[in-house]
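Only one structure is covered here, and it is reproduced in the block below.
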Ligand SMILES: Cc1cc2nc3c(=O)[nH]c(=O)nc-3n(C[C@H](O)[C@H](O)[C@H](O)COP(=O)(O)O)c2cc1C
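In the working numbering, the protein residues as written are 36 to 250.
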């Protein structure tokens, strides 16, 4: 396969993985992925990303702490219904067909457990509290996710755990002069899980692109 076809395929095929196999991910594979991701672009080539890779017992401890801190069991009926309605009417409606537990439980609870992935990565950057995330961070994360996918690994970028900032900081032993920016679950996908098989939708190019200076 030509390089461009292989790259296009990785970009088109990558999807968020929400059911992982328990198999551990060898450290060498993660190092390889990071070695690719570091080629992401950054403003003035500052490469502001810092990465902490959490596995083993430490990952399970964080999972338990996050679940406890943000227990979905404390959600009110109204909150659960609001989420169900939001999902049903949005671009993630497809997911309702793929899970057989209430969607708030699967998404909110699952995100806090980082969907039982064996590895959690935290991407941080040097800066004081309140400093906004450099644009290079999402570029780095996207590159990392594609490199993982190309190696048969699955990822999901998780905003939910970031709501528990202090727990995340502590678990990843983040230095005071660094700020957490992106939380990513990593592991081998369960290929049989319907939620991993469905392709999320995208708007067409005509729907998001304007052309100026073209006939
Ligand atoms: C900044 C960010 C935060 C996200 N947070 C969550 C999350 O907390 N839980 C989750 O299940 N998915 C999360 N996602 C994954 C998105 O839902 C997913 O990327 C989107 O639905 C498109 O699907 P795809 O990645 O399979 O193409 C997040 C994605 C991004 C970029």
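Even for Gly, the Cβ is constructed at its ideal location relative to N, Cα and C.
Check: Secondary structure at residue 93, three-state DSSP: helix, strand or coil?
Finding: Walking along the chain shown from the start, residue 93 turns up at place 58. Three-state DSSP puts residue 93 in a helix.
Check: What does a CB cutoff of less than 8 Å around residue 186 pick up in its chain, not counting 5 residues either side in sequence?
Finding: By 1-based counting over the chain shown, the position of residue 186 is 151. Apart from sequence neighbours up to five positions away, the residues of its chain that approach residue 186 with a beta-carbon distance below 8 Å are 64, 67 and 68, ordered along the chain.
Next item on the list: Pick helix, strand or coil for residue 160, following the three-state DSSP scheme.
Entry: Here residue 160 corresponds to residue number 125 of the chain shown, with the count starting at 1. In the structure shown, residue 160 sits in a strand (DSSP, three-state: E or B).
Check: Does DSSP put residue 193 in a helix, in a strand, or in coil?
Finding: Along the chain shown, one-based indexing puts residue 193 at 158. Note: residue 193 maps to strand in three-state DSSP.
Margin query: Taking DSSP's pairing of strands, which residues face residue 217 in a bridge?
Written below: Reading the chain shown from its first residue, position 182 is the one you call residue 217. Under DSSP, the beta-bridge partners assigned to residue 217 are 158.
Check: Could you check where the alpha helix (DSSP H) with residue 241 kicks off and where it finishes?
Finding: To locate residue 241, count along the chain shown from 1; it is residue 206. Residues 240–243.
Margin query: With a threshold of 8 Å on Cβ separation, who are the neighbours of residue 36 within its own chain once the five nearest residues in sequence on each side are excluded?
Written below: In the chain shown, residue 36 corresponds to position 1, counting from 1. 44, listed in sequence order.
Notebook entry, point to check: Is it right to say residue 84 is buried, meaning 16 or more other beta carbons lie within 10 angstroms of its own, or is it exposed?
Noted result: In the chain shown, counting from the first residue as 1, residue 84 sits at position 49. If you draw a 10 Å sphere on the C-beta of residue 84, you find 16 or more other C-beta atoms in it, and that means buried.
Check: The alpha helix (DSSP H) spanning residue 131 covers which residue range?
Finding: Along the chain shown, one-based indexing puts residue 131 at 96. First-last for residue 131: undefined, no H or E at that position.
Next item on the list: Output the residue ranges of the alpha helix (DSSP H) runs that lie fully inside the stretch 45–108 and measure 4 residues or longer, sorted by chain position.
Entry: Fully enclosed alpha helix (DSSP H) runs of 4 or longer: 62–72 and 91–104.
Notebook entry, point to check: CA-CA distance, residue 81 and residue 175?
Noted result: Taking the first residue of the chain shown as 1, we reach residue 81 at position 46. Taking the first residue of the chain shown as 1, we reach residue 175 at position 140. Taking C-alpha positions only, residue 81 is separated from residue 175 by approximately 12 Å.
Next item on the list: Take residue 196 as the anchor and find which of 214, 222, 146 and 59 has the nearest alpha-carbon.
Entry: Mapped onto the chain shown, residue 196 falls at position 161. Minimum Cα distance to residue 196 is reached at 146.
Check: Candidates 181, 190, 172 and 216: which alpha carbon is nearest residue 76's?
Finding: Residue numbering aside, residue 76 sits at position 41 when the chain shown is read from its first letter. If you compare the alpha carbons of 181, 190, 172 and 216 with that of residue 76, the shortest gap goes to 172.
Checklist line | Sequence-distant residues of its chain with Cβ nearer than 7 Å to residue 94 (five each side left out) | finding: Here residue 94 corresponds to residue number 59 of the chain shown, with the count starting at 1. Taken in chain order, the residues that qualify are 153, 154 and 155.
Notebook entry, point to check: Which residue's Cα is closest to the Cα of residue 50: 242, 231 and 245?
Noted result: Residue numbering aside, residue 50 sits at position 15 when the chain shown is read from its first letter. The candidate whose alpha carbon is nearest that of residue 50 is 231.
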